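The sequence shown begins at 13 in my numbering and counts up one residue at a time.
Note that beta-carbon positions come from the ideal geometry of N, C-alpha and C, so glycine has one too.
Computed from a prediction, not measured in an experiment: that's the story for all the values here.
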Amino acid sequence: MNIQDALKEIQSWLYLNGIEGVAQGEYEGKPCITVYVSLPNTETILPTVYKGFKVVIEPTEQFAIQGGPL
13 MNIQDALKEI QSWLYLNGIE GVAQGEYEGK PCITVYVSLP NTETILPTVY
63 KGFKVVIEPT EQFAIQGGPL
């Protein structure tokens with residue numbers, strides 16, 4: 013499985029409370045899954061590895077849409 017396929021599979025994580033976003037990142041020179049979380053302890057519900065890719069937690073503020081309609 014490649015990283016793009018893994019990212020498609022985890023889009024459902026965005027419906028979990030406290031998860032603001034998921035993206036491809038890099039960890040120790042290899043592709044990883046970066047998960048942006050806005051609530052403390054959210055990482056306890058996530059795996060540390062998914063489909064062979066390290067899951068890296070990045071604390072963030074709650075994401076909001078800025079500007080007008082797309």
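Separation of residue j from residue i, as counted between CA atoms
i, j, result
"ALA35", "LYS63", "15 angstroms"
"ASN29", "THR56", "12 angstroms"
"GLU83", "LEU51", "Residue 83 lies beyond the stretch modelled for the chain, which goes from 13 to 82, so this question has no answer here."
"THR72", "SER24", "19 angstroms"
"GLU38", "ALA18", "14 angstroms"
"GLU40", "PRO59", "18 angstroms"
"GLU70", "MET13", "23 angstroms"
"VAL47", "PHE65", "12 angstroms"
Three-way DSSP call (helix, strand, coil) for residue i in this model
i, result
"GLU70", "strand"
Option in the options with minimal Cα separation from residue i
i, options, result
"LYS42", "GLY33, ILE31 and ILE15", "ILE15"
"TYR20", "ILE45, GLU32 and ILE31", "According to the sequence displayed, residue 20 carries Lys and not Tyr. Of the candidates ILE45, GLU32 and ILE31, the one whose C-alpha sits nearest the C-alpha of LYS20 is ILE45."
"GLN74", "THR60, VAL49 and PHE65", "VAL49"
Please list the segments of the alpha helix (DSSP H) lying wholly inside the region 15-53, counting only runs of 4 or more residues, in order along the chain. 15-21
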